[in-house]
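Here the structure comes first, spelled out in structure tokens, and everything after it is commentary.
Here is the structure:
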């Protein structure tokens with residue numbers, strides 16, 4: 001054991017998730033997972049550590065600076081996963097022969113990015129992603145189903161005032177081309193456009209003007225973006241401009257996706273076609289989409305995804321179409337927390353069994369064991385201590401029911417039940433106490449998301 | 456996007472957890488988690504990345520060679536967590552003032568060790584640990600409760616033929632001292648003794664003889680280990696030898712723990728006091744224990760833990776007592792798999808809604824959405840394809856119920872239900888089909904662990 005004292009501390013951007021938040025996260029996760037299953041998705045997990053060359057060349061230069069490389073193996077050939085999409089593509093490529101032609105999977109795991117951490121905005125260097133992807137189909141039904149599941153997710157968690165921004169990489173490519181952006185600059189421009197929500201339109205224009213585009217080009221490009229009409233009108237307006245083939249292909253796809261979303265019973269006013277939406281990652285090839293909270297825009301997108309038909313091909317030399325989205329769990333928890341919809345109190349459907357004296361420890365242990373066997377959640381205080389000390393523990397732990405077992409109780413074969421909320425104390429015969437506790441705790445519920453009010 | 460093709464592959468010791476195994480893992484995890492909660496433990500998560508000096512000096516030299524360091528930050532000052540105990544100690548040290556005096560937490564997360572991977576024996580370099588720990592109490596009720604929860608875990612998962620090996624570091628220290636082992640060699644000897652199960656008694660003796668101990672010392676040491684009596688007799692035998700204070704203290708603690716285990720309703724024949732049990736990690740200071748499957752000894756210990764009263768002190772300069780165990784989920788799954796208790800088939804309480812023609816896609820999507828709203832798990836085939844193609848998908852996915860929706864069906868307002876198991880096809884009116892499917896799928900259960908038979 002080390003002799004020197006080590007200051008206990010966390011690496012910047014890392015955090016512990018404490019019990020109250022964990023219990024809430026568990027509830028959110030259960031809801032999300034239930035939904036994914038209901039849509040027929042199958043669970044998958046991939047390892048945290050991947051070969052570096054599996055991850056490189058898919059996200060874009062700026063993103064790939066944020067990899068955590070491992071100082072192990074031959075000259076740092078390993079890295080922590082940056083998202084769940086590239087590992088999925090690697091997995092698909094390794095298993096094409098065994099997998100069904102259509103593979104719908106969900107995956108809930110941490111990812112790591114050496115970003116500037118902004119803990120207050122729910123941005124950490126380690127965060128939990130919940131991904132759903134449909135592999136193997138070109139059909140735009142997939143794109144619509146992925147968007148539908150994003151929306152169902154938010155609805156299930158009680159969000160009301162959100163919007164799905166929808167665009168298409170090929171349309172955007174066409175528009176950039178119309179504005180005279182060189183093909184080799186497309187991704188650079190996309191990555192700058194992706195910052196509109198973060199840094200605002202003016203700064204984006206300034207960044208585009210610096211080195212990349214002429215003022216005239218920027219002006220032209222933004223005429224495509226500026227429309228205020230509804231989705232259908234915006235698409236028709238663009239269509240009427242008789243733009244290049246890429247633009248036309250994108251418009252057609254988006255119209256089909258909007259049609260399918262209608263069949264998925266998604267209200268059209270939740271969807272906003274935004275021709276300036278770019279998404280930061282390189283690998284998208286078709287529809288792109290993200291959801292934002294209209295009242296909490298600073299939190300950023302809660303979900304985001306799109307179609308990436310060429311990614312798996314990098315590993316097997318022939319393309320397999322794919323489409324998916326990420327649900328950002330940490331941002332969702334941040335949002336629910338800001339909306340005061342988190343019950344931060346530790347749930348109290350729990351009983352504390354005390355030990356008042358070493359001599360009665362055995363009695364308390366036996367009682368706790370019996371109660372647990374009956375399905376009751378029992379916290380057994382592990383050591384003999386004063387009533388005062390154990391009650392203050394119950395208080396801190398938000399435990400409502402405490403069983404006091406001391407000399408008197410054992411002599412009289414009675415057990416004292418103290419209700420911490422009311423202060424009431426009642427003695428029950430040994431043989432009735434379990435029944436009574438069962439009745440009391442069954443009424444209690446675990447922590448939950450409070451009912452959605454329109455925020 | 457990269458042009459060069461990258462061979463899709465996994466770094467040695469890493470693995471993907473595929474849907475069938477994931478669904479099983481989810482069931483096992485749910486059982487374990489439910490149990491931890493019933494015992495009153497609270498959930499916690501800590502980050503994967505810790506400062507290197509937080510982890511160093513706690514596990515022992517051999518273990519610490521297995522850290523995955525990160526090539527980020529100033530000269531590799533970061534590493535992936537090696538277990539969940541040291542991060543817990545770091546967490547406790549950072550929050551002593553807010554936490555209750557007794558803190559019972561569970562934690563279910565991956566850990567990473569650059570070990571020689573033995574995938575067939577369920578040994579990977581990334582694996583899932585489920586930890587329960589009681590912080591803040593010296594009372595041996597904690598030690599007994601931790602052992603009790605290990606046993607309840609195994610019982611809940613259907614294991615019958617297992618044994619809990621129990622020992623005490625201070626007793627072992629006393630015995631080593633009686634055999635003339637120098638204090639500075641104690642941990643080295645412990646780490647060698649820890650290999651008895653892996654490499655056998657003879658090789659352990661050979662390793663001890665090399666550099667460390669005289670033949671006479673080894674002989675003396677192993678006279679303490681060789682007893683075949685029951686626990687109480689073994690302890691009494693040692694007691695009667697009137698050994699040093701450390702040995703006496705250990706014996707006394709073990710007797711108390713066995714007494715408490717009795718109160719926890721743990722059958723004494725599940726516990727085997729094994730004075731040679733050493734546990735490999737440096738940080739233990741009191742009781743140590745692990746569970747092994749008597750029929751599958753090659754899998755190694757399924758759970759393992761002990762008391763570590765000095766670990767938190769490294770971070771805050773005053774000791775806080777603690778005791779806990781790890782439940783090794785991957786080994787448990789390996790064991791259940793070897794015992795053929797895993798139903799590897801993907802559960803089939805799922806309905807496939809087909810799309811037979813582009814024109815009816817909208818109808819199929821609407822039906823799928825309605826059914827999901829009714830709580831039915833629906834896999835929507837994402838693209839128009841031949842009946843044959845979609846049925847072969849259903850077959851591969853082990854989906855029992857398929858809805859066929861084509862021109863005829865829509866004309867006649869009937870939907871065809873095909874049962875993949877019986878081959879039967881029945882037409883149902885649109886307005887009845889959801890009811891019928893609900894009836895059929897409600898009967899189905901999700902995958903489960905088969906009932907325990909004494910293996």
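Protein chains in written order, with the numbering used here: chain A, 1 to 455; chain B, 456 to 910.
C-beta: ideal position from N, C-alpha, C; glycine also.
The structure presented is a predicted model; accordingly, all values stated were derived computationally and were not measured.
Leaving out five residues on either side along the sequence, give the residues of the same chain with a beta carbon under 7 Å from the beta carbon of residue i.
i, result
"residue 15 (chain A)", "119, 124"
"residue 473 (chain B)", "none"
"residue 511 (chain B)", "519"
"residue 620 (chain B)", "727, 729, 732, 744, 745, 747"
"residue 136 (chain A)", "101, 102, 103, 320, 321"
"residue 194 (chain A)", "278, 279, 280"
"residue 628 (chain B)", "641, 701"
"residue 255 (chain A)", "235"
"residue 45 (chain A)", "107, 109"
"residue 383 (chain A)", "355"
"residue 215 (chain A)", "209"
"residue 207 (chain A)", "192"
"residue 667 (chain B)", "640, 643, 644"
"residue 523 (chain B)", "534, 535, 567, 569"
"residue 456 (chain B)", "Caution is warranted here: a pLDDT of 48 is assigned to residue 456 (chain B), below 50, making its placement in the model unreliable, and no coordinate value can be reported."
"residue 156 (chain A)", "31, 35"
Do residue i and residue j have their C-beta atoms within less than 9 Å of each other?
i, j, result
"residue 702 (chain B)", "residue 625 (chain B)", "yes"
"residue 433 (chain A)", "residue 367 (chain A)", "yes"
"residue 521 (chain B)", "residue 537 (chain B)", "yes"
"residue 598 (chain B)", "residue 712 (chain B)", "yes"
"residue 502 (chain B)", "residue 560 (chain B)", "no"
"residue 427 (chain A)", "residue 415 (chain A)", "yes"
Compare the C-beta of residue i with all C-beta atoms of chain C and state if any pair is closer than 9 Å.
i, result
"residue 772 (chain B)", "No chain C is part of this structure, whose protein chains are labelled A and B."
Thinking just about the alpha-carbon of each residue, which of the options is nearest to the one in residue i?
i, options, result
"residue 468 (chain B)", "A:51, A:13, A:25", "A:51"
"residue 541 (chain B)", "B:763, B:824, B:648, B:897", "B:763"
"residue 341 (chain A)", "A:24, A:11, A:6", "A:24"
"residue 324 (chain A)", "A:333, A:287, A:297, A:355", "A:287"
"residue 94 (chain A)", "B:837, B:546, B:496, B:463", "B:463"
"residue 595 (chain B)", "B:885, B:698, B:716", "B:716"
"residue 758 (chain B)", "B:786, B:834, B:878, B:751", "B:786"
"residue 197 (chain A)", "A:26, A:297, A:239", "A:297"
"residue 831 (chain B)", "B:843, B:812, B:816, B:807", "B:807"
Who are the near neighbours of residue i in its chain, counting only those whose CB is closer than 8 Å to its CB and skipping five residues on each side?
i, result
"residue 420 (chain A)", "391, 394, 395, 399, 400, 401, 402"
"residue 183 (chain A)", "177"
Between the alpha carbons of residue i and residue j, how many angstroms are there, rounded?
i, j, result
"residue 768 (chain B)", "residue 679 (chain B)", "32 Å"
"residue 483 (chain B)", "residue 852 (chain B)", "22 Å"
"residue 270 (chain A)", "residue 150 (chain A)", "11 Å"
"residue 862 (chain B)", "residue 253 (chain A)", "25 Å"
"residue 770 (chain B)", "residue 514 (chain B)", "15 Å"
"residue 294 (chain A)", "residue 349 (chain A)", "36 Å"
"residue 453 (chain A)", "residue 493 (chain B)", "Because residue 453 (chain A) carries a pLDDT of 40, less than 50, the predicted location of this residue cannot be relied on, and the following value inherits that uncertainty. Those two C-alpha atoms are separated by around 32 Å."
"residue 572 (chain B)", "residue 466 (chain B)", "11 Å"
"residue 602 (chain B)", "residue 373 (chain A)", "16 Å"
"residue 682 (chain B)", "residue 622 (chain B)", "14 Å"
"residue 301 (chain A)", "residue 658 (chain B)", "59 Å"
"residue 358 (chain A)", "residue 336 (chain A)", "45 Å"
Leaving aside the five residues before and after residue i along the sequence, list all residues of the same chain whose C-beta is less than 6 Å from its C-beta, in chain order.
i, result
"residue 547 (chain B)", "590, 767"
"residue 636 (chain B)", "644"
"residue 130 (chain A)", "32, 108, 327, 329"
Which residues, in order along the region 729-751 of chain B, keep a beta-carbon less than 8 Å from a beta-carbon of chain A? 737, 738
Going along the chain, which residues of the region 397-421 of chain A sit with their C-beta nearer than 7 Å to a C-beta in chain B? 397
What residues from the region 515-530 of chain B come within 8 Å of chain A, judged by C-beta to C-beta, listed N to C? 523, 524, 525, 526, 527, 528
Identify each residue in the region 551-573 of chain B for which the Cβ-Cβ distance to at least one residue of chain A is less than 8 Å, and report them in chain order. Along the region 551-573 of chain B, the positions whose C-beta sits under 8 Å from a C-beta of chain A are 555, 556, 557, 559, 560, 565, 567, 569, read in chain order.
Against chain A: residues of the region 830-849 of chain B by CB proximity under 8 Å: 830, 831, 832, 833, 834, 835, 836, 837, 838, 839, 844, 848
Which residues, in order along the region 486-518 of chain B, keep a beta-carbon less than 8 Å from a beta-carbon of chain A? 492, 493, 494, 495, 497, 498, 499, 500, 501, 502, 503, 504, 505, 506, 508, 509, 511, 512, 513
If the cut-off is 7 Å on Cβ atoms, which residues from the region 246-270 of chain A count as contacting chain B, listed in chain order? 260, 263, 264, 265
Check each residue of the region 594-628 of chain B: if its Cβ is closer than 7 Å to any Cβ of chain A, include it; give the result in chain order. 594, 596, 597, 600
Please identify, using Cβ separations under 9 Å, the residues of the region 82-96 of chain A that lie next to chain B, in order along the chain. 87, 89, 90, 91, 92, 93, 94, 95
Of the residues that make up the region 459-472 of chain B, which ones have a beta carbon closer than 9 Å to any beta carbon in chain A? 459, 460, 461, 462, 463, 464, 465, 466, 468, 469, 470, 471, 472
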